[in-house]
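Visitor:
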Amino acid sequence: MSRLMRASAIMAAGTMVSRVTGFVRTMVLASAVGTALLGDAYNVAYAIPYSILDLLLLGVLSSVIVPMIVQAQQRDADGGRAFEQRLLTLATLALIVVAALAVLAAPLLIDLYTNWRPGSRQYEVAVLLARLILPQLAFFGLGAVAGAILNTRDRFAAPMWAPVLNNIVVIGVFLAYSGGDNLATVSDGQLALLGLGTTAGIVAQATVLVTALKRARFQFRPRLDVRNARLGEMAKAGGWTIGYVVITQLGFMLITNLASAAGDAVPNHGVSPYTYAFQLFQLPYGIIGVSVITAMLPKMSRAVTDGRMDDLRSEFGSGVRLISCVMVPASLLLMVLGPAITVPIYAHGETAVADAVYIGNVLQVYGLALMPFAVFQLLLRVFYSFGDTRTPVFIGAGTTAAGAGLMLVANALLPPAYVVMGLAFAYACAYALGAVVAWMMASRRAAGLGGWTIGTALTRMYLAAMPTAVLALASVWVSQQVFGELAFLNSLIILAVGGGLGGLLYLAIAHKMRIPEVNSIVGMVAGRVGR
Numbered sequence: 012m013s014r015l016m017r018a019s020a021i022m023a024a025g026t027m028v029s030r031v032t033g034f035v036r037t038m039v040l041a042s043a044v045g046t047a048l049l050g051d052a053y054n055v056a057y058a059i060p061y062s063i064l065d066l067l068l069l070g071v072l073s074s075v076i077v078p079m080i081v082q083a084q085q086r087d088a089d090g091g092r093a094f095e096q097r098l099l100t101l102a103t104l105a106l107i108v109v110a111a112l113a114v115l116a117a118p119l120l121i122d123l124y125t126n127w128r129p130g131s132r133q134y135e136v137a138v139l140l141a142r143l144i145l146p147q148l149a150f151f152g153l154g155a156v157a158g159a160i161l162n163t164r165d166r167f168a169a170p171m172w173a174p175v176l177n178n179i180v181v182i183g184v185f186l187a188y189s190g191g192d193n194l195a196t197v198s199d200g201q202l203a204l205l206g207l208g209t210t211a212g213i214v215a216q217a218t219v220l221v222t223a224l225k226r227a228r229f230q231f232r233p234r235l236d237v238r239n240a241r242l243g244e245m246a247k248a249g250g251w252t253i254g255y256v257v258i259t260q261l262g263f264m265l266i267t268n269l270a271s272a273a274g275d276a277v278p279n280h281g282v283s284p285y286t287y288a289f290q291l292f293q294l295p296y297g298i299i300g301v302s303v304i305t306a307m308l309p310k311m312s313r314a315v316t317d318g319r320m321d322d323l324r325s326e327f328g329s330g331v332r333l334i335s336c337v338m339v340p341a342s343l344l345l346m347v348l349g350p351a352i353t354v355p356i357y358a359h360g361e362t363a364v365a366d367a368v369y370i371g372n373v374l375q376v377y378g379l380a381l382m383p384f385a386v387f388q389l390l391l392r393v394f395y396s397f398g399d400t401r402t403p404v405f406i407g408a409g410t411t412a413a414g415a416g417l418m419l420v421a422n423a424l425l426p427p428a429y430v431v432m433g434l435a436f437a438y439a440c441a442y443a444l445g446a447v448v449a450w451m452m453a454s455r456r457a458a459g460l461g462g463w464t465i466g467t468a469l470t471r472m473y474l475a476a477m478p479t480a481v482l483a484l485a486s487v488w489v490s491q492q493v494f495g496e497l498a499f500l501n502s503l504i505i506l507a508v509g510g511g512l513g514g515l516l517y518l519a520i521a522h523k524m525r526i527p528e529v530n531s532i533v534g535m536v537a538g539r540v541g542r
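Following my numbering, the numbering of the sequence shown begins with 12 at its first residue and continues without gaps.
1) Count the other CB atoms within 10 Å of the CB of K310; is the residue buried (16 or more) or exposed (fewer)?
2) Provide the residue span of the alpha helix (DSSP H) that contains Q293, from first to last.
3) Start and end of the alpha helix (DSSP H) containing V376?
4) Quick check: what's the CA-CA separation for V184 versus Q290?
5) So, L500 versus P350, is the Cβ gap smaller than 8 angstroms?
6) Apart from the five residues just before and just after G360, which ones in its own chain have a Cβ nearer than 6 angstroms to its Cβ?
7) So H522 is in the alpha helix (DSSP H); what residue range does that whole segment cover?
8) Within the segment 120-159, note down every full beta strand (DSSP E) run reaching 3 residues or more, in order along the chain.
9) Please report the straight-line C-alpha distance between Q388 and A306, rounded to a whole angstrom.
10) Within the same chain, show all residues whose beta-carbon is closer than 8 angstroms to that of F436, passing over the 5 residues directly before and after it, in chain order.
11) Is T46 near the ligand PLP, in the sense that its beta carbon is under 7 angstroms from a heavy atom of that ligand?
12) Have a look at L390 and Q85 and give me their C-alpha separation to the nearest angstrom.
13) Should the segment 209-220 be called in touch with the segment 138-156, which here means at least 3 C-beta pairs below 8 angstroms?
14) I'd like to know if the segment 455-470 and the segment 505-520 are in contact, where contact means that at least 3 CB-CB pairs between them fall below 8 angstroms.
15) What is the rounded straight-line gap between the Cα of A408 and the Cα of S325?
16) In or out: S29 buried (at least 16 other Cβ within 10 Å) or exposed?
17) Quick one: residues in its chain with C-beta nearer than 7 angstroms to the C-beta of D478, no 5 flanking neighbours on either side, listed in chain order?
18) Quick check on V536: buried or exposed, where buried means 16 or more other Cβ atoms within 10 Å of its Cβ?
19) Does DSSP put S198 in a helix, a strand or coil?
20) Report, in whole angstroms, the separation of the C-beta atoms of V109 and I63, which I expect to be a contact under 8 angstroms.
21) Please report the Cβ distance between V55 and T267, rounded to the nearest whole angstrom; I am assuming they are in contact, meaning their Cβ atoms lie under 8 angstroms.
22) Can you say whether R525 is buried or exposed, counting buried as having 16 or more other CB atoms within 10 angstroms of its CB?
23) Rounding to the nearest angstrom, what Cα-Cα distance links E528 and V386 in this structure?
24) Just to confirm the assignment: which complete alpha helix (DSSP H) runs, minimum length 4, are found wholly within the segment 425-490?
25) Could you check where the alpha helix (DSSP H) with F384 kicks off and where it finishes?
26) Considering only their Cβ atoms, is the gap separating P355 from Y442 smaller than 8 angstroms?
27) Is A423 buried or exposed, if buried means 16 or more other CB atoms sit within 10 Å of its CB?
28) Hey, quick one: how far does the alpha helix (DSSP H) through G183 stretch, first residue to last?
29) Locate the alpha helix (DSSP H) running through Q96, then write down its first and last residues.
30) Exposed or buried, G495, counting other C-beta atoms within 10 Å across all chains shown (16 or more means buried)?
31) Using the C-alpha atoms, what's the distance from T410 back to Q82?
32) Taking the beta carbon of N193 as the centre, do at least 16 other beta carbons fall within 10 Å, making it buried, or is it exposed?
33) For L503, which three-state DSSP category applies?
34) Residues in its own chain within less than 6 angstroms of R226 by CB, not counting five upstream and five downstream?
35) Please report the straight-line C-alpha distance between M452 and G130, rounded to a whole angstrom.
36) Check whether the Cβ atoms of K338 and P295 sit closer than 8 angstroms, and answer yes or no.
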């Protein structure tokens, strides 16, 4: 637990700064381009390269490449150095080709992700932005592989801090942009600033990671001896992971199509509100969950390789409890304080207060998904540590199919103004179902996951967090009685009372209840403050 917490703390600090600057980035973006047509066009164009990366690389990194690097380090005579060099060489060349092909296929990609009519101004703007943003695929992929190699060397800081520079660069770009949110008046030069500026941020991020790799004494030498790259082994394991990512991306494609149609029917209720709410929903998981998962996966993979199943179960249980002690109160606060969170963040510039409130309503629904999503992601890593990439495909297929069905029902039954909220609810239901199925299958694979111990810990965390939720709800009610409509000032008051005092209340109650994970976090913070 202590090693996991130390590694997670290093990453969480970097991730915290990264997410805070990402927070500011999203604020400036919403202020610059709003939540209507231009905002939707930018957010769709921005999402496409990440979808392609998920398809080709990022899912394979955690499920295949990290375990293979660990095995090479343990088994190869050179400590896996040659394998890492081949991997970095081939990934770089492949992603350059993919980036070039994606730029050429930008119109087709926009067709796939939206229902916008070819030839319309919004469609043309989205295509132009996509062509300017898609070259970042090569740089992002290079940085991702470099980060994976660093993680297997227990160098976690750079991968978590590099996105900070990316965010700073892009924040500067958005501040320099002055084109407003009107598609009819924005110029190609202003669109070029948005697109190329976004790509420049990823270039800066990749530069930091490659530099960190050199400082970790990684000697890069281009290697094209494909026969020794274990591509067959990688393809055999990675094929199932790519299948999983394909399925999830089909679900995301459905989301963007339904959300873009809703935005066409009701302005400011489409892709942008969904995107902004999703980014806030991911914030607690991104700070804590990603850090814990990144630290635990190499350890779980080593435990499986060495046949130490007790250590595997211990790592998993520690990870779930450590994540949950933050996710539990965060999920309750999101469900209560959604609009109070989004109004101070987004209600600036081209985004009106009413539009920011709607983003908050979507965020409230997403609060239901936070715990199921986090546990689901941890459970997948159990399979990956065994080198099993097939089972997550079937679990992901069922989860995505359930979510897609619920989304289509929501789209058919709800008025367009509520469709995006319905999409978020379908997402939450699907991951709750997926987490249950994944738990049963992972428990069978690992001969138990300590469910009783974990369930008892989660119950105590929810009991400790309930007074915080009540205090937050009371702060919202009192504010409505005193101030009426939600605005910037009373949102800050609600956040200070419901979020600030509520968070302290949770820590105090959890400390009194002797919840070990919370006590460890409090002790770590107190020790640092004392020094």
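C-beta: ideal position from N, C-alpha, C; glycine also.
Guide: In short, the structure shows the following:
1) In this structure K310 is buried. Its beta-carbon is surrounded by 16 or more other beta-carbon atoms within 10 angstroms.
2) In the DSSP assignment, Q293 falls within the alpha helix (DSSP H) that extends over V282 to P295.
3) Where V376 is concerned, the enclosing alpha helix (DSSP H) stretches over V364 to Y377.
4) Cα-Cα distance, rounded: 19 angstroms.
5) Taking 8 angstroms as the Cβ cut-off, L500 and P350 do not qualify as a contacting pair.
6) Scanning its chain for C-beta atoms nearer than 6 angstroms, with the 5 sequence neighbours on each side dropped, one finds around G360 the residues S42, in chain order.
7) The continuous alpha helix (DSSP H) containing H522 extends over residues G513 to K523.
8) The segment 120-159 contains no whole beta strand (DSSP E) run of 3 or more residues.
9) Our two residues, Q388 and A306, have alpha carbons roughly 14 angstroms apart in a direct line.
10) Beyond the five residues adjoining it in sequence on each side, F436 comes within less than 8 angstroms, by CB distance, of V376, L379, L417 and A421 in the same chain, given in chain order.
11) In terms of ligand content, the structure shown is empty, and the ligand PLP therefore cannot be addressed.
12) Their backbone Cα atoms lie some 25 angstroms apart in a straight line.
13) Enough Cβ pairs lie closer than 8 angstroms, so yes.
14) Put simply, the segment 455-470 does not touch the segment 505-520. Fewer than three CB pairs are less than 8 angstroms apart.
15) Their Cα atoms are separated by approximately 28 angstroms.
16) Flag for S29 reads buried.
17) It should be pointed out that residue 478 corresponds to Pro in this sequence rather than to Asp. Counting only Cβ-Cβ distances below 7 angstroms, and skipping sequence neighbours, we find L516 and I520.
18) Caution is warranted here: a pLDDT of 49 is assigned to V536, below 50, making its placement in the model unreliable, and no coordinate value can be reported.
19) Looking at S198 - three-state DSSP - the assignment turns out to be coil, as it is neither helix nor strand.
20) Between I63 and V109 the Cβ distance is about 7 angstroms, and since that is below 8 angstroms, they are a contact.
21) Between V55 and T267 a beta carbon distance of about 6 angstroms is seen, short of the 8 angstroms cut, so the two are scored as contacting.
22) Exposed: under 16 other Cβ atoms inside 10 Å.
23) In a straight line, the C-alpha of E528 is about 16 angstroms away from that of V386.
24) Counting whole runs of 4 or more residues, the segment 425-490 contains the alpha helix (DSSP H) stretches 430-456.
25) According to the DSSP assignment, F384 belongs to the alpha helix (DSSP H) that extends over L381 to S396.
26) Contact: no.
27) With fewer than 16 Cβ atoms within 10 Å of its Cβ, A423 is classed as exposed.
28) Where G183 is concerned, the enclosing alpha helix (DSSP H) stretches over A168 to A187.
29) First-last of the alpha helix (DSSP H) with Q96: R92 to L115.
30) Exposed is the call here.
31) Roughly 31 angstroms separates the two Cα atoms.
32) N193 comes out exposed.
33) If DSSP states are grouped into helix, strand and coil, L503 belongs with the helices.
34) Hits under 6 angstroms: none found.
35) Straight across, the Cα-Cα distance linking M452 with G130 is about 48 angstroms.
36) For clarity, residue 338 is Met in the given sequence; the question names Lys instead. Going by C-beta atoms, M338 is nearer than 8 angstroms to P295.
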